[in-house]
Every structure is written in C-alpha cells, then in structure tokens.
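Okay, so here's the structure we're looking at.
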Amino acid sequence: MSTPTTARPVRSWFDPTGWSLTTKLVAAVVGLFLVITVATSTFTVLALENHLLDQIDQDVTSSLVRAGGPRGSGEGGGGPIPGGGGESLLVVRRDGEVVVNRVESGRTVGQLTVEQLVALNRAGLGPTPRTVEIEGLGDYRIAAARQPGGATVVSGLPMGGIDRIIDAILGLVVGTTITGLALVALGGQWLIRRNLAPLQRVAHTATQVSRLQLDSGDVALAQRVPAADTDPRTEVGQVGQALNDLLDNVEGALRARHESETQVRQFVADASHELRTPLASIRGYAELSRREREPVPASVTHALTRVESESLRMQSLVEDLLLLARLDAGRPLERGTVDLSLLAMDAVSDAHAAALTHTWELDLPDEAVEVPGDQARLHQVVANLLANARTHTPSGTRVVTSLRREGDWVRLAVTDDGPGVPESLQDTVFERFSRGDEARVRANGSTGLGLSIVDAVARSHGGRVSLDSRPGHTTFAVMLPADA
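Structure (structure tokens):
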C-alpha cells in the first residue's frame, strides 16, 4: 500500500520564510550594506552641500562690502566677485535709481531686465543670503545691504556650481553603491557558502540516514558527521556532534530492538516446533479413542470430537506461526518457475468444494502467467485470500480471482461483492492477529494470521500487497515481480 504524501505549500519567492539560510544571510548582509551606504552617502552629500552653501554665503557677504567701495559709494563693484568662478550678479540702487546693473557669466557681461529687477525688489532680501530663482538665469544665492553712503547693494552668486558638484557626487555615490552591492552580494554569497559548507555536510549525513530502512532487520548506522565538522567551539560543530550522539543513541536502540525481535522470533519458532509433536499426539489419541469398539458415552464422544477439532485448529495456528517466524528470520525460499494460472485454478477449485454457497469465478489471460518463486508459499497466498473471502462474506457472495501482467509485475487479485472491510481496520488488516469480525460475517474460526502470511510471503518474493475496500466491492491485490 502506498503512503500518502503531504503536498508542500507553494510560497512566493518574496516570502522570506521559504528562503534558504544562505539566501537569508546574503540578503541580510546586502540589506545592511545598503542601509549603511545610503545613510553615510546622504549624510556626506548633505554635509558637503551645507559646506558649499556656507562658502558661497561668505563670498556673497564679502562681495557686499567690496561692492560698496571704500566710502560706501557703490563704485567699487566693478569686476567679478571673489569665489564666483567668473559668474556674479551685482545691483546698486541709490535714491531709487539703479546705478549698477551687471550680470557676469564668464567673459560675458549683461544686465538684468526690468522684470528681473522688480522680482529682486519683491524678494524681501536682507543681509542674510537667500536662494532666489531668477527667471532666465536660474537659482542665485543673493543678499542685500544698505551701505553707509545711502546705496543699497544687491549681490549674488549662481547656485549652478553647487548643483553640478552635488549632481556629480550623487552620480558617484549611486555608481559606487551599485558596484558595492554587486561585490558584497557575490563576495558575501561565496563567503557564506564556504562557511556553511560544514552545515551542508551535516545535513547530507542526516539525509542519508533518513533514507535508510529502519523499520525492521539489523540496521547498521554507519553514517556519521566527519570529525572536522564536530568541533564544539563552533555552532555547526555543536550541531554535528549532537547529530552523531543522536545517531549513536538510535543505533543502540535499534540494535537492542533487533536483538529483542530475534529472541521473540526464535522463541516463537522453537515453541511452534516443539508444540507440533504434542498436538499431533493429542489429535492421534482423540481419533483413536473415537474408534474404540466398546460403547462410549455420548458426552465423551462429543468431548473427544471437540478435542480433535481444537487440536486441528491449534495445529494450524502453530504451523502459521512457524511459517511467519521463518519468513521473519529471512530463511531462503525455494526458487523455481511457478505457473500462477494453474495455481489459481487449483485454489479456486478447492474453494468451490469448500463453500458451495459462494459463486467462484476465474478471470485469467489466454497465455499462462509465470513468476519465479516458491510454489507452495504462493499457493498458500492464493488459498489464504480465497479463505478470507469465504470466511468473512455471507452466502451467495460472488468472488472473482483475476490474474494480469502489468509491465514488469504480475497482479493477482481476489475481488468480492461482500460487505467490505471497515475503514477503521483497513490500515491494520495485514497485521498479525488482526480480525474483521466486527463487521464481516464469520462462518468459521479465524486465527487472524492468514493475511499477515500473504503480506510476508509477498514481501519475501520482492512484492507487495494492497487493499481497496468499500461496501459491495473489496479487492485484495498481490503484486509480484515477473522476472527474478
């Protein structure tokens, strides 16, 4: 029977819960680098911008004094303002008239228009420099002061130089940040993978152990985490050492379990073997007593009949237990070519003779189906399946024995239209001493070992068994390898 698998939930790639540890660490390093780089770059750019503004403000303030002339007449405003880079703005008003109107840009000297002068007059300028947008010229850092001679001097420097510097710095910061992110991502991934390699080796060891068959037999857990990955001074080493300790503990428990199972199997085999002789004796004495010519009371005859019947039943139970003990011990079976078609016909014929009230049918292919195996044991498989259908279904039940070849496998199935196996018993129906008497009709006694023998014999041949049951349809199927 196949084991149902649990579907894994589908997660979005953007959901961190589905990321590997390497991805999380790389993302954390890249994110931390990005935060620190953005914060540092922002602080640097703002600090640089403030420093440049302070410098240009000092130049603008100095230009006010220079532009006023030695006596504050406004006549000293000729020439470019220091620090302006060859670009400056100077306006001098005296008695409401503009006596100086000059805008220098490199070697070009121009004047402000009337609209630009009006805009400067409405800007509310003072001795503290302010940024003013002049239409057609751009942003200027401008300050105004009234000189002792009565003139009002307006002086300014363009902000274009600062903007160009800030833009260049921003471009440099963005470029270096992108380059740094790529280098940190690649380098961080390489470093993290290298440092997590021991953890991957530990996981590989755990994966190998998880794939071992630990449910039966003598299990040897040879897999261990390498000594280099069990250094207790590191976190990965602690995990590796803990896994090794766990494997040592599990191996000891499995060895103890195997020894206990071996003792139980040996006990069952020895007990079954020893019980065969006294049971045969009891049966023989019961038969001999019933054949006594002297008159025997009816009660004694009935008792002897019951003794003989129960001894037969107990002998069958002992034989079944002995067979299971031998199969559990892994004793080799006889190997030969078995004609399953002929074997199924003989078994159905025997079942028909034993239960005339059932309808027995055969569904066989035209060609004989042969498999490698032990003929006696495979005959017991078919006989037990038919006996199970006969014992646990009412009279009139239709039982069909079918045989098919499916690829490299041969499928032997016994199907009936009886009441079916209760759902609560379907998972344990092939276990020993498992009975379905609660729901299925019983005509004769059952030891509860028939289906477990079917399962054990099928597994010893490299096959498997399965059950599909619901009211009105029950199928016991045995899959056997078609070739050795």
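When we follow the working numbering, the leftmost residue of the sequence shown carries the number 598, and every step to the right adds one. Think of the CB as a built atom: it goes at the ideal place given N, C-alpha and C, for glycine as much as any other residue.
For residue 654, the closest C-alpha among the options 1062, 755, 633 is that of 755. Annotation for residue 967: 934, 936 place their beta carbon closer than 6 Å to its own, counting only its chain and skipping 5 residues before and after. Residue 690 is not a Cβ neighbour of residue 765, given a cutoff of 8 Å. Between residue 762 and residue 686 the beta-carbon gap is near 20 Å, outside 8 Å, which marks them as no contact.
Annotation: residue 1072 is outside any alpha helix (DSSP H); the continuous beta strand (DSSP E) that includes it extends over 1070-1078. One Cα belongs to residue 767, the other to residue 642, and the distance between them is close to 7 Å. Sorting 736, 856, 636 by C-alpha distance to the C-alpha of residue 684 places 736 at the top. Nearest to residue 976 by alpha-carbon distance, out of 806, 941, 620, is 941. Inter-segment contact for the segment 1056-1075 and the segment 997-1010 is present: three or more beta-carbon pairs are separated by less than 8 Å. Within its own chain, the residues whose Cβ lies closer than 8 Å to the Cβ of residue 695, once the five positions on either side in sequence are excluded, are 688, 689, 714, listed in chain order. The alpha-carbon separation between residue 710 and residue 704 amounts to approximately 19 Å. Linking residue 720 to residue 616 through their CA atoms gives a straight-line distance of about 58 Å. For residue 965, the three-state secondary structure derived from DSSP is coil. Taking a C-beta distance under 8 Å as the contact criterion, residue 1046 and residue 1067 do not qualify as a contact pair. The continuous beta strand (DSSP E) containing residue 959 extends over residues 956-960.
CA-to-CA, the gap between residue 798 and residue 849 works out to about 23 Å.
The alpha-carbon separation between residue 945 and residue 964 amounts to approximately 18 Å. Only residues of its own chain outside the window of five on either side were considered, and among them 1011, 1051, 1073 have a CB closer than 7 Å to the CB of residue 982, listed in chain order.
A direct Cα-to-Cα measurement between residue 995 and residue 954 gives close to 10 Å.
Linking residue 631 to residue 852 through their CA atoms gives a straight-line distance of about 55 Å. A residue is called buried once 16 or more other Cβ atoms fall within 10 Å of its Cβ, and residue 829, having fewer, is exposed. Annotated as proximal: residue 649 and residue 759, with beta-carbon spacing under 8 Å. Residue 1002 and residue 1079 do touch by the CB rule: their CB atoms are close to 6 Å apart, below 8 Å. Spatial neighbours of residue 622 in its own chain (CB-CB distance under 6 Å, excluding positions within 5 residues in sequence) are listed in chain order as 789. Residue state for residue 684 is assigned as strand, using DSSP reduced to three classes.
By the neighbour-count criterion, in which a residue is buried when 16 or more other Cβ atoms sit within 10 angstroms of its Cβ, residue 837 is buried.
Cβ neighbours of residue 724 within its own chain (closer than 8 Å, five residues either side excluded): 658, 661, 740, 741, 742.
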